[in-house]
Amino acid sequence: MKVEARLFDITTAFFFLSAIVYGVWAKEPVGTVGLILTGGLSLIVGTYFHFIARRLDQRPEDNPDAEVSDGAGELGFFSPGSYWPVALAASAALAAFAMAFWQIWLLVIAIVLILLAVGGLVFEYHTRPNSTD
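Under my numbering, the sequence shown is numbered contiguously, ending at residue 508.
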């Protein structure tokens with residue numbers, strides 16, 4: 376995570392420096408405020424990555440002397456046959472459609488469908504605890 380944190384540190388410095396230069400040369404407040412806010416958002420993400428980097432062990436990406444084989448192995452579990460991401464994407468598209476045409480009744484339905492799809496995705500492999508009967 377140190378690589379990602381460094382990347383966001385550089386972008387934060389770039390946005391704040393750009394805000395100063397833009398504010399002096401252009402004398403236009405809206406662009407300056409936009410660059411300052413962009414730098415602030417980049418600072419938030421960079422701070423999060425710094426916080427997480429302290430809690431994790433060193434990854435191969437953080438070691439300059441690492442080999443490609445150091446990163447081999449299992450990365451995690453990804454469901455090969457889940458239809459919930461498709462349902463979530465369709466629900467989000469319906470919500471975007473409802474907001475584009477400002478149909479509140481359709482937006483309410485889309486939000487309910489999004490919540491159902493997120494719940495299905497999160498609890499897809501959840502099994503109930505063993506009963507004591």
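Each residue gets a CB set at the ideal place from its N, CA and C atoms; glycine is no exception. It should be emphasised that the depicted structure is a prediction, and the values quoted were computed from it without experimental measurement.
Asked	Found
Proximity of D445 and P435 at Cβ, strictly below 8 Å	yes
P504 to L431 span [Cα, whole Å]	31 Å
Cβ neighbour criterion (16 or more within 10 Å) applied to G456	exposed
Residue environment, F383, which counts as buried when at least 16 other CB atoms sit within 10 Å	buried
I411 versus S417 - alpha carbon distance	10 Å
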